[in-house]
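Below is one structure, written out as C-alpha cells, with a few remarks after it.
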Amino acid sequence: MTVKTDIRYPTDQCIKCTICVEHCPVVKVTEKFLGPKQVGPDFQRFRSEGDEPHDASVEYCTGCRICDIVCPSGVNISELNTRAKIALRAARGIPVRDRLLSHAYMFGDLASFAAPAANAFLKLRPFRWMSDKILHLEKDVKYPSYSKQPFEKWIRESYHFESDKKVAYFFGCFTNNNDPSLGRAVVRVLERNGYQAVFPKQDCCGLPLLGNGDVRGARKLAKKNLEGLLRAADDGLDIIYSSTSCGMMIRDDYETYLDLPEAAALFDRMKEVSEFLWGLYEAGELDTDFEPVDLSIPYHVPCHLRSLGIGLPALDLLGLIPELHVEELETYCCGLAGTYGFKSEKYDISLAIGRELERELGRFDGPYALSDCEACRMQIENLSSKKGLHPIFILQRAYGLDAAEEEPDTASEQR
Amino acid sequence: MELKTEVLVIGGGVTGAGVARDLVMRGIDTILVEKGDLAAGATGRCHGLLHSGGRYVIKDQESAVECIKENVILKRIASRTIEDTGGLFVSLPGDDESYADRFLAACDAAGIQTQVLSLSQALRLEPNLSREAKTVVKVPDGAVDPFALTIDNARDAARRGCRILRHTKLVGIDVEKGRVTGAEVHDRVTDERHHIRTKRIINATGAWAGHVAGLAGANVPLTLSKGSLLIFNRRINNTVINRLRPPGDGDIIVPNEPTSIIGTTSITVSDPENFTVTKKEVDLMMKEAGLVLPPSAEARVIRAYAGIRPLVAAQDADSGRDISRSFSILDHGKQDGVRGFYSIVGGKLTTYRLMAEKMVDVVAEEMGVHIPCSTASEPLFGSEDGEHYRLEDRFTSIETVEEGEEQEGKVEEIVCECELVTKDEVLKVINEMKTSNLNDIRQRTRVGMGSCQGGFCTYRLLGILHELDMVPQYEANEILTSFMEERWRGIRPVLWGDQLREEQLVEGIYLGIFALDKIQPLGKKASKSKK
Ligand SMILES: Cc1cc2nc3c(=O)[nH]c(=O)nc-3n(C[C@H](O)[C@H](O)[C@H](O)COP(=O)(O)OP(=O)(O)OC[C@H]3O[C@@H](n4cnc5c(N)ncnc54)[C@H](O)[C@@H]3O)c2cc1C
Ligand code: SF4
Ligand code: SF4
Ligand code: SF4
C-alpha cells in the first residue's frame, strides 16, 4: 500500500532506466538540477562520509518524491537527496533566510497575536526590500497571511462537541495560524458523523526544518509531537491530519530521518482526513445525506499525497456529492514545495514548474480549485485568480454546514 | 617508414612505461611500442593495490621491503594516481592466531608500520567489517589507479622526448651476428609496417614475453597464471582489506574509485589473450568477501575480469641474481647469445619503478651512460603537488553550481552518469589522442565502467564522435558493437540480482531499440576500400 521502502543500498538497485528523470518536475525546467538519478543513486557512489559534499545541485530538488513513486526498482531517491542536503547544510551552515522560513511556525504564534500588524508589515516596502536584498526571499510571491484567531484559540473557546467516538486530530501549524477555517471544517464534518476530535499536544511537525537541513531542530519538534501522538495511539485512537505534508512527515520521515524508531508505532494509526472518512463510507458509517453542489472544480493532486500511497481518497469522497463535478488535473508538483518557492534563486524555477498547473487551471471558469496541501493551494493562488480550497470545504458545504461559517480564510491574501 | 632510436621498449604496461620514462630521464633516446592501448595487459587488469608489503612479509621479506620502500616513494611521486586509503589485515574465527604475532614481528623487521586496532576502532574505519573480526592490524596500503599510473608515466616520458607508438605491434626482431640491429612493427590502425633501427630492445611484454623473445631467437620460460577479480557496484570498504593469514585466493578487497574489487585466484592457463572467469571462481570470491565484509554477500557485482601473471621459471644464468626473486631481468646476450636484447618480467605494479631502475641500470651501463636514476625523487607530471586522489574530487569536475548571490551555476554535460564523466573530459581525450577508439577513451576517463557497463553512455559517445566527424557511417556500428561486446564479456559471469536486471534493460536497448544484432558486420574490407 505504501511506497515506504527499506533499502540499504539504493545505488545497487538502480538500473539507470531514467524513468525518474522523465518524471522529475525540476529537471524539466532547469539545467541547474542534474536530476533524481544523477544526484541520487549515481552520486551516492561517490559520496563518502566525513567529507564536505560537493553536490550543490541537490539543493534544487523540491522534495516532491515523485521520483520515489515512479522508480520501478524501488529506489528511495528523495531520501538520498534529503540526506545529501542535510550533509551539505551541516558542512556549509544554514543561511539565515532558510532558518527564518523554516521557523515560520514560531513567529506564527506572535503574528497571529498581532495579525493585522504582521500582515501589514509583510506588505511594507522596507520589508520587501530587506527580504529581497538581504534575505533573498522572493518579493513577487504571496506570503501566507496570519489569522487573528488561531485554530487552537477557537478550540478552547468554541468547540464543545462530545461523543464516545473519538479521533485525534493533528492540524499542524499552518492550519492553526494561517487557515483555521480548515480546522473548523474538519471538526464539523467529523461532528456530523458523530466523531469528537481530540487534540494531542502538538507543535509544527518539523518538515520545513528538515527540508532546510536542520535535523536537530526538526527532531526537537518531532519529539514533542510524538509524546501526544503516541499517547493517542496507545488509547486506540486514529490520528487524522488535514495536511498531507504533516502526515507524511510524521508517518514516514520521523523514523527515516530523525532517528525516532518509536514513530513506527504511528504508521497504521495515521489517516489522512479524507482517507478516514472514506473508511467510514466503506464501513457503511458515513453520513451520505449530501445536498447537491453545482460546481465544476479542478483538483490538483499534491505530491505528498501521492507519496503517502493511499490513493486519492478526496476524489472518492467528492464523487458521492450530487451534481458536483471534480476533475483531477494531470499535473505533478505545483512548484511551491514548502519553502522552496519563497527563495529568490528558486522562484523562477518554482514558477516554471507551476506553468503546467497554471495552464490546466485556465481551462476552468469557476472561482475555486481544490488541493489537500496548503502549499499547493498557495501556489494555485499565485498562479491563477482562483481560490485554493481543501476538499473538506466542499464536503462541509454539501453537509450544509458552511452556513454558519464565514468564507474560508484565504490561504494567502496579499501581494 | 624507417625510424631510429637508441633503445626500443616493447610493451606499454606499467613496466614498459616506467622503463621508457627512466631511459629518457637518463638522456637515452627511446621509442615505446604497444600493440594495444597503454595498460591493456596485466596492468589494466590487476587489483590496484599499492602494497604495503604486508602480504609478503612472512614468506618473502625481500619483496616486502621492496614494497614498503616503493609504497612510500610512489605515494610521493605518483600521488595523483593514488588514494591513500590505508589497509587492514583482519583475522576471523578459525584463523591461526599465532600468525598475527609473527606478522607483527615481521612487519617491524621489514619497516612496515603497524597499528593493532580494537574492534570498535576498526568498525569506525570500516563499518561493514565483520563483527567476528579477531585481530585487526592497520598498515599503509593504498589504492592505485593502474591506468592513470601507466598513462602518467608514458605522458611524462613523452614530454621528455620519448616517442610512444600505441596500437603498434612488434612483429619481428632483426638479429645480426648475435646482436640486435632493428625491429619490425605493425601499425594496427593504419595497417602499415615500420622498421625501427636500434641496437637495444627491452622486452616488457609480461605474459607475452616468451612469444616476443622467440622473435629474437631467445627464450623466456613462462608459466601463465590467471587471476580473476570481481567488481562491486559500490564501495563496500574504504580501506584495503586483507586476510590476516597465509595468502590465499580471494582474500584482498581493494576500494577503487566508486567500487570495491575482490581478488584474486590463481589458475594456470595457456593463452595470455583468451580466457574466461569461471563460476567456481566467482562463487569462491563471493564467499570470501562475505566472510570479512558481510554486506558484500548481497551487494551488486557489475563485472568480472582476469589478468595474467607471467611466472618466470627459476633462472640460473648469472642474470638477475642480485635482484629480488619477485621479478626477473634477463640479459639475453649472456643467456641466449642475443646481445642488446633484454627482458623484464614479473614483479608487481607497486614495484614497477624499482624494476625499471634496475633494468635501465643494466642497459645504461652497457651503453656507458653514467647518469644516475632519478625516478625516486622526481614526481610524475601531474603529481607535483603531492596531493592524493580523493573520490569526491570527481564532483568538482562536473559541478560549478555554487550557493550565493550569483546563481550563474552551469552544470557540465555528463556523458557517463555512473562514473561522472563529462563531455569536456571525453573531448579532451579525443582531441589529445586523435582517437575514435572507445576503449582508449574508456581507459582515460572511466566512461562505461560504471553500473550499466556502457549500456547507456556508449550511444552518447558514438554521437559525440559522429558530431566530430570521426566515424564514417560504415564503421559506427562496428565500433558500437565491439565496445558493447567487450563490456558484455565482463558481465556474463556475474548475471544475477540487480546486475541481471540491468543487463535485461541494456539488452532491451541493444536488441529491441537499435536491433544491433541484425547489423551485418562490414568488416575491415569495407572500411579499407573507402580509405
Ligand atoms: C590478477 C592480477 C592482480 C594483480 N594485482 C596487483 C596488485 O594489486 N598490486 C600490484 O602491485 N601488482 C598486482 N599485480 C601485478 C601487476 O599487475 C603486474 O606486475 C604489472 O601490471 C605488470 O606490468 P607489465 O607492464 O610488466 O605487464 P603488462 O601490463 O601485461 O604489459 C605488457 C604489455 O605488452 C604488450 N605487448 C605484448 N606483446 C606485444 C607486442 N608484440 N608488441 C607490442 N606490445 C606488446 C601488451 O599489450 C601489454 O600491454 C597483479 C597481477 C595480476 C595478473
Ligand atoms: S523529489 Fe521531486 S524534485 Fe526531487 S528529484 Fe525527486 S522528482 Fe525531482
Ligand atoms: S527510476 Fe529508479 S531505477 Fe530508474 S534510473 Fe531512476 S532511480 Fe534508477
Ligand atoms: S507540514 Fe504541517 S505542521 Fe509542518 S510546517 Fe507544514 S503545516 Fe506546519
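Which chain is which? The protein sequence lines are A and B, in order.
Quick note: the first sequence uses the working numbering, first residue 3, plus one each step.
Quick note: the second sequence uses the working numbering, first residue 1076, plus one each step.
Beta carbons are placed, not taken as given, at the ideal position from N, Cα and C, and that holds for glycine.
On a predicted model such as this, the values are computed, not experimentally measured, just so you know.
For the set A:P369, A:H25, A:Y243, the Cα lying nearest the Cα of C175 of chain A is the one of A:Y243.
Within the region 1428 to 1506 of chain B, the complete alpha helix (DSSP H) segments of 4 residues or longer fall at 1468 to 1473, listed in chain order. Between P152 of chain A and N179 of chain A, the C-beta spacing is below 7 Å.
Within the model, the alpha-carbon separation for A1180 of chain B versus S1138 of chain B is close to 16 Å.
Of the candidates B:G1422, B:I1226, B:G1572, the residue whose Cα lies closest to the Cα of V1504 of chain B is B:I1226. Ranked by Cα distance from R67 of chain A, the options A:K348, A:I88, A:C335, A:L391 are led by A:C335. Sorting A:T64, A:Y11, A:Q46, A:D237 by C-alpha distance to the C-alpha of S247 of chain A places A:T64 at the top. Taking 7 Å as the cut-off, the beta carbon of A220 of chain A is found no closer than this to the beta carbon of L232 of chain A. For the region 1574 to 1593 of chain B, the residues whose beta carbon sits under 7 Å from a beta carbon of chain A are, in order, R1576, E1577, L1580. At the C-beta level, D57 of chain A and F1470 of chain B come within 7 Å of one another. Within chain A, the C-beta atoms nearer than 7 Å to that of P1333 of chain B come from R47, F48, in chain order. The count of Cβ pairs closer than 8 Å, one atom from the region 1194 to 1209 of chain B and one from the region 1159 to 1166 of chain B, reaches three, so the stretches are in contact. In terms of Cα proximity to I1248 of chain B, the closest of B:K1150, B:L1149, B:I1085 is B:I1085. For N1308 of chain B, the chain A residues whose Cβ falls inside 7 Å of its Cβ are T13, D14, in order along the chain. Contact check between the region 370 to 387 of chain A and the region 351 to 361 of chain A: three or more CB pairs, one atom from each, fall below 8 Å, which counts as touching.
Taking non-hydrogen atoms of ligand 2 into account, the C-beta of G1461 of chain B is found less than 6 Å away from none of them. In the DSSP assignment, M1559 of chain B falls outside any beta strand (DSSP E) and lies within the alpha helix (DSSP H) extending over 1548 to 1566.
One residue after another in chain order, those with a Cβ under 7 Å from a heavy atom of ligand 3 are A:Q15, A:C16, A:I17, A:K18, A:C19, A:T20, A:I21, A:C22, A:V23, A:P38, A:K39, A:G42, A:P43, A:C69, A:V72, A:C73, A:P74, A:S75, A:V77, A:I79. Listed by position along chain B, the residues whose Cβ is nearer than 9 Å to that of K39 of chain A are E1492. Boundaries of the alpha helix (DSSP H) harbouring M1361 of chain B: 1354 to 1367, taken from the DSSP string. Residues of chain A whose Cβ lies closer than 9 Å to the Cβ of F1416 of chain B do not exist; the shortest such Cβ separation is about 46 Å.
Taking a contact as a CB-CB distance under 8 Å, the pair G1123 of chain B and I1336 of chain B counts as one, their CB atoms being some 7 Å apart. Neighbourhood of C336 of chain A in chain B, by CB distance below 9 Å: empty, with the nearest CB roughly 22 Å away.
Excluding the 5 residues flanking it on each side, G1102 of chain B has same chain C-beta neighbours closer than 8 Å at V1444, I1446, in chain order. Between the region 1367 to 1374 of chain B and the region 1514 to 1522 of chain B there are fewer than three C-beta pairs closer than 8 Å, too few to call the two in contact. Taking a Cβ-Cβ threshold of 7 Å, none of the residues of chain A is close to I1157 of chain B; the smallest such distance is about 16 Å.
When 9 Å is used as the limit between beta carbons, L1495 of chain B is near these residues of chain A: Q40, D44, F45, R47, F48, in chain order.
When DSSP states are grouped into helix, strand and coil, Q204 of chain A belongs to the coil group.
For ligand 1, no non-hydrogen atom lies closer than 6 Å to the CB of H1261 of chain B.
Scanning B:C1448, B:A1379, B:E1441 for the CA closest to the CA of M1430 of chain B turns up B:C1448. Rounded to the nearest whole angstrom, the C-alpha separation of D1406 of chain B and V1387 of chain B is 14 Å. The region 252 to 302 of chain A is shown to contain whole beta strand (DSSP E) runs of 3 or more residues at 272 to 274, 298 to 301, in chain order.
DSSP, reduced to helix, strand and coil, places N1278 of chain B within a strand of the structure shown.
Rounded to the nearest angstrom, the gap between the Cα atoms of P315 of chain A and E164 of chain A is 26 Å. Closer than 8 Å at the C-beta level to chain B, one finds no residue of the region 348 to 362 of chain A. Comparing alpha-carbon positions, the option among B:A1279, B:A1229, B:S1458, B:T1339 lying closest to R1120 of chain B turns out to be B:T1339.
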